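Position one of the sequence shown corresponds to residue 79 (the working numbering), numbered consecutively onward.
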Amino acid sequence: MRFVSPRARVHGSLIGEAVVLGPSIIREGCVIEDSVVIGHPVRRKLLQAVSKAEELRELLDELSSGSRLGRSVIMRSCT
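1. Relative to the C-alpha of residue 165, which candidate in 140, 105, 109 and 111 has its C-alpha closest?
2. Compute the Euclidean distance between the alpha carbons of residue 94 and residue 156, then round it to the nearest angstrom.
3. What separation, rounded to the nearest whole angstrom, lies between the Cα atoms of residue 153 and residue 118?
4. Answer with buried or exposed for residue 98, where buried requires no fewer than 16 other C-beta atoms within 10 angstroms of its C-beta.
5. So, with DSSP's three-state summary, where would you put residue 146?
6. Indicate whether residue 90 and residue 116 have their beta-carbon atoms separated by less than 8 Å.
7. Ordered along the chain, which non-local residues of its own chain (more than five positions away) have a Cβ less than 7 Å from that of residue 123?
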């Protein structure tokens, strides 16, 4: 399920089914591997919104505060 939020700014490389939620910022030289989720919302926000009947990835995107990754970061899958 590859998904990149319209609020995200991605200047690095996404591989495979990477997911970038919310107003996340991924700087130059970053590599985000398959199955990595950047900007996942915290537990509290998920529990408050559990009753919403929206599509899951759109709900996660709405709840996300985003993440900021500096230059040349490598996010490996399953880590």
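For glycine and all other residues, C-beta sits at the position ideal for the given N, C-alpha and C.
All values reported here derive from a predicted model rather than from experimental measurement.
To lay it out plainly:
1. Nothing about residue 165 can be read from this structure; the chain reaches only from 79 to 157.
2. 13 Å
3. 14 Å
4. buried
5. strand
6. no
7. 141
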